[in-house]
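Down below is the structure, laid out as structure tokens.
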Amino acid sequence: MPQLHPRRSLTDVLSPSNGALPAALVALHSVLTDADNPYRVIQWLQRSRTAQLLARIEGGRRDCDVKRSTSLLRSVIAAGSGWCMALIEYDEADAAAFQATRHLGDGALGAWREAITRYLDPQPGMRLLDLGCGTGSWSQAFQTWWPATDVLAVEPSPAMRDRAVVAPVLAGDAADIPAGDASIDAVWLSTVVHHIPDLPAAAREIRRVAKPGAPVFIRSAFPGRHEGINLCRFWPETITALNDNYPSVATIEAAFATSGFTTAGLEPVAQVSAPSLPEAATGLRREAHTLLQLINDDAYAKGLERLHAAARTATGPLIDVLDLLVLR
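Be aware that the sequence shown starts at 1, since it is given in UniProt numbering, and climbs by one per residue.
Here it is in structure tokens:
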């Protein structure tokens, strides 16, 4: 069984003397500092929803860098206070990397448009919610595809909002969506669901703003469904990160069922992520990928070597397969 290796600075911040911390985080400090009983630490982490957020990065990862430690710590404290996003709190460097490398080309977008329209017939005047829109690439695509619709872009990260390619992008998150009751015709969450620690609360809020029967599209990688994801091919450690940190399809379905949602579809969608593997290798930015931020530096360096070695002989486009889960 793995042991936890919390940093001293982490336990100092979680000190019980900090009266502003939620009770769960005070308990977290107490258990993490009980170095004589690592089994108790593991057992408590498994039972505590809030503490699991911290364990996702800190558990068993001694070489986790300060940025990822403090970023997740802020997320845990926020979650304990009722905030509903995110696993990684994006800063300016993350937002810049995301903007530079995560906007898909027309070849990839077309496959997703086709998948979406199997469940949605966009009509003039419809309101589409892009929840956790990042720098707005999907909102931009929706506006291009369906110019007569109204796209509501919502993003909790100020750094992401500052770099958005659409305007306006409203501040908000899955616990507090800036939209009226029953005002949304479709909800889109792209590579966002793993940032939501309280899925039932998010489901309730989405149910509040969505019209009856409105589809909820969740584009994501899911545990146990990594075979078509190239990051997992070159960085096999990301498979464990995916399984440990991302909610499964069944977990999401169960959480949304508490608010009356049922599954309308689940399908893999193949996308052209880059024109070629060499181009993908040249443009890769670790900050733009949550899974790469959840592995240690040594694993990242070895995976980078594998990627560049493969790029020397690879031909053809780089194709990834992500899933689209649709709820109503």
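The beta carbon of each residue, even a glycine, is placed where N, CA and C say it ideally should be.
Residues in its own chain within less than 6 Å of residue i by CB, not counting five upstream and five downstream?
| i | result |
| --- | --- |
| residue 312 | none |
| residue 94 | 287 |
| residue 306 | 234 |
| residue 109 | 141 |
| residue 166 | 136, 139, 140 and 153 |
| residue 182 | 211 |
| residue 190 | 138 and 219 |
| residue 99 | 135 and 163 |
| residue 192 | 132 |
Under 8 Å, do residue i and residue j count as touching if we go by C-beta distance?
| i | j | result |
| --- | --- | --- |
| residue 161 | residue 96 | no |
| residue 200 | residue 144 | no |
| residue 323 | residue 268 | yes |
| residue 142 | residue 131 | no |
| residue 196 | residue 241 | no |
| residue 137 | residue 104 | yes |
| residue 255 | residue 203 | yes |
| residue 261 | residue 318 | no |
| residue 281 | residue 308 | yes |
| residue 210 | residue 184 | yes |
| residue 101 | residue 303 | no |
| residue 223 | residue 246 | yes |
| residue 126 | residue 106 | no |
| residue 159 | residue 253 | no |
| residue 263 | residue 194 | no |
| residue 205 | residue 186 | no |
| residue 148 | residue 168 | no |
For residue i, name the three-state secondary structure that DSSP assigns.
| i | result |
| --- | --- |
| residue 192 | coil |
| residue 306 | helix |
| residue 284 | coil |
| residue 186 | strand |
| residue 324 | strand |
| residue 318 | strand |
| residue 220 | strand |
| residue 210 | strand |
| residue 294 | coil |
| residue 200 | helix |
| residue 71 | Here residue 71 scores only 48 on pLDDT, less than 50, and its place in the model should not be relied on; the value that follows carries that caveat. Three-state result, residue 71: helix. |
Spatial neighbours of residue i within its chain, please: CB distance less than 7 Å, with the 5 preceding and 5 following residues excluded, ordered by chain position.
| i | result |
| --- | --- |
| residue 178 | 154, 170 and 172 |
| residue 226 | 232, 239 and 242 |
| residue 350 | What is shown of the chain runs 1 to 328, which leaves residue 350 out entirely. |
| residue 119 | 215, 264, 265 and 326 |
| residue 122 | 146 and 149 |
| residue 111 | 269, 270 and 271 |
| residue 342 | Only positions 1 to 328 of the chain appear in this structure, which leaves residue 342 out of reach. |
| residue 82 | The predicted position of residue 82 is uncertain, since its pLDDT is 35 and thus under 50; a value taken from the coordinates is nonetheless stated next. Only 175 meet the Cβ criterion. |
Who are the near neighbours of residue i in its chain, counting only those whose CB is closer than 8 Å to its CB and skipping five residues on each side?
| i | result |
| --- | --- |
| residue 207 | 259, 260 and 261 |
| residue 180 | 209 |
| residue 300 | 235, 286 and 292 |
| residue 251 | 199 |
In chain order, which beta strand (DSSP E) runs of at least 3 residues are fully inside the segment 98-180? 127-131 and 150-154
Report yes or no: do three or more beta-carbon pairs, one from the segment 273-284 and one from the segment 212-221, lie closer than 8 Å? no
Hey, which unbroken runs of the alpha helix (DSSP H) at 4 residues or more fall wholly within the segment 223-279? 230-234, 237-245 and 249-257
At a cut of 8 Å, does the segment 152-159 reach the segment 107-120 through at least three beta carbon pairs? no
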